[in-house]
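Following: one structure in structure tokens, then a few remarks.
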Amino acid sequence: MKMLLTGGAGYVGSRLIPHLLELGHSVRSLDLDMFGTAGREALERDARWPEWRARFTHVRGDIREPKDVRQALQGANAVIHLAAISNDPTGEVDEVLTRQVNFDAVGLLVSEARRAGVSRFINASSSSVFGIKQDPDVIETLEPEPISTYSRYKALAEWIVVGANSPGFTTVNVRPATICGYSPRQRFDLTVNKLTVDAERKGVITVHGGQQRRPNVSMIDVINLYGLLLQADPEVIGGETFNFGFENHKIIDIAELIKGEISERQVEIDVTAVFDQRDYHISSKHLQETLGYTPVGSIRQA
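If you use my numbering, the sequence shown closes out at 307, no skipped numbers anywhere.
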């Protein structure tokens with residue numbers, strides 16, 4: 006496939022591009038490069054780069070700008086949309102900007118993709134749309150209850166994507182859990198990554214409350230899923246929204262797991278007052294039954 010990948014310079018995009026190239030796809034990345042070019046630099050150092058370079062292009066542009074979107078969509082027959090204001094704290098800094106990026110731009114991308122003849126649109130949402138849920142099985146049919154600006158616009162954008170599904174234009178939402186693992190454009194604000202860095206560098210893992218439950222998913226499973234969705238039968242995935250996470254743990258338990266994995270130094274766990282109220286867990290049974298996917302990664306391996 007010839008595809009447009011928004012957010013190609015980001016945490017997931019930097020790992021997804023080589024995976025897609027390895028699968029034989031042609032990839033055009035659209036990104037503002039606000040956080041650097043480490044992903045592309047790693048790509049060009051890859052031993053397979055001479056084979057891949059003819060199938061990869063990068064467009065420095067803004068998903069809010071119609072001109073940039075139309076240019077990036079030329080010749081594409083699939084879109085994987087990753088670009089976003091990517092977490093709750095950042096989303097609260099400027100609510101107008103968060104709406105523009107996480108909601109308005111999705112509408113622009115969907116409409117322009119359909120106009121350009123794209124046949125498949127895969128949207129990265131977030132499992133945080135559930136907010137605080139006490140249900141024993143948090144499945145896709147439960148009503149989202151977002152508690153932040155970030156998650157509210159992620160939830161609203163899902164409706165745009167689902168509503169656009171039609172013959173010849175297959176759309177699907179993915180709600181990843183909190184991702185963990187390595188990327189050339191690494192993020193240290195994500196639960197497992199942050200706690201691991203604190204353990205390694207400080208010898209102290211600070212846990213705010215710790216009883217909040219969070220679902221997790223490894224980077225390798227995330228990139229595997231996007232590759233799988235590009236091949237899946239449109240009749241099977243069209244208009245669907247999939248939860249995607251396999252390890253639901255209390256944050257204190259994640260801290261204990263990481264502590265047990267650090268052998269080079271003594272690590273302490275410091276429990277402080279609750280800072281982040283989000284408390285939810287998810288079931289990915291629907292995705293597993295629909296696509297037959299079995300996770301290959303884990304927190305421990307990440």
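Where a beta carbon is used, it is the ideal one built from N, C-alpha and C, also for glycine.
C-alpha gap between residue i and residue j, whole angstroms
i    : j    : result
A204 : V212 : 11 Å
D67  : R270 : 44 Å
G15  : V98  : 20 Å
G215 : P141 : 19 Å
T146 : V179 : 14 Å
D3   : G302 : The question about residue 3 has no answer here: the residues shown for the chain are numbered 6 through 307.
E245 : V272 : 43 Å
G29  : R53  : 12 Å
P172 : I267 : 51 Å
I310 : R218 : Examination of residue 310 is not possible in this model, given that the chain is present from 6 through 307 alone.
A47  : T11  : 18 Å
P94  : L37  : 20 Å
R120 : T103 : 25 Å
V62  : K138 : Checking the sequence, you will find Thr at residue 62 rather than Val. Looking at the two C-alpha atoms, the distance is approximately 42 Å.
D284 : F251 : 16 Å
A77  : L87  : 14 Å
L114 : G136 : 26 Å
L292 : V166 : 18 Å
R305 : E261 : 11 Å
Helix, strand or coil at residue i according to DSSP, with G and I counted as helix
i    : result
F1   : There is simply no residue 1 to check, as the chain begins at 6 and stops at 307 in what is shown.
N248 : strand
V143 : coil
L87  : coil
K159 : helix
R65  : strand
I152 : coil
N331 : Nothing can be reported for residue 331: it is not among the residues displayed for the chain, which extend from 6 to 307.
V17  : coil
R33  : strand
Whole-Å CB distance - residue i paired with residue j, under 8 Å assumed
i    : j    : result
T154 : E100 : 5 Å
A307 : G186 : 4 Å
P189 : G44  : 5 Å
H367 : I228 : The chain is shown from 6 up to 307; residue 367 falls before or after that span and cannot be answered.
L195 : I184 : 6 Å
V123 : R69  : No, V123 and R69 are not in contact; Cβ-Cβ is about 18 Å, not under 8 Å.
K7   : G96  : Wrong, their Cβ atoms sit about 32 Å apart, outside the cutoff.
L323 : R125 : In the structure as shown, the chain begins at 6 and stops at 307. Residue 323 is therefore absent and cannot be evaluated.
R65  : E117 : Not a contact, Cβ separation roughly 18 Å.
First through last residue of the alpha helix (DSSP H) which encompasses residue i
i    : result
R75  : P71 to L78
K264 : I256 to E266
P2   : Residue 2 falls outside the range modelled here, since the chain spans only 6 to 307, and no answer is possible.
P4   : Coverage of the chain is limited to positions 6 through 307, which leaves residue 4 absent and any answer about it impossible.
N82  : Taken as a continuous stretch (DSSP letters only), N82 belongs to no alpha helix (DSSP H), as it is neither H nor E.
V101 : E100 to R104
N-terminal and C-terminal residue of the beta strand (DSSP E) that residue i is part of
i    : result
L28  : It is not in any beta strand (DSSP E) - L28 carries neither H nor E in the DSSP assignment.
N221 : R218 to S223
M6   : Looking at the DSSP string, M6 is not in any beta strand (DSSP E), and its letter there is neither H nor E.
Proximity test, residue i beta-carbon vs the ligand GDP heavy atom, cut-off 7 Å
i   : result
V98 : For the ligand GDP, the structure offers nothing, since it holds no ligand at all.
For this session: Note down, one range per segment and in chain order, each beta strand (DSSP E) of at least 3 residues found wholly within the segment 166–211.
Result: The segment 166–211 is shown to contain whole beta strand (DSSP E) runs of 3 or more residues at 175–181 and 183–185, in chain order.
Exercise. What runs of the beta strand (DSSP E), each 3 residues or longer, lie entirely inside the segment 269–296?
Worked result: Entirely contained in the segment 269–296, the beta strand (DSSP E) runs reaching 3 residues are, in chain order, 273–277.
Exercise. What are the complete beta strand (DSSP E) segments, minimum 3 residues, inside the segment 108–132?
Worked result: Within the segment 108–132, the complete beta strand (DSSP E) runs of at least 3 residues are 125–129.
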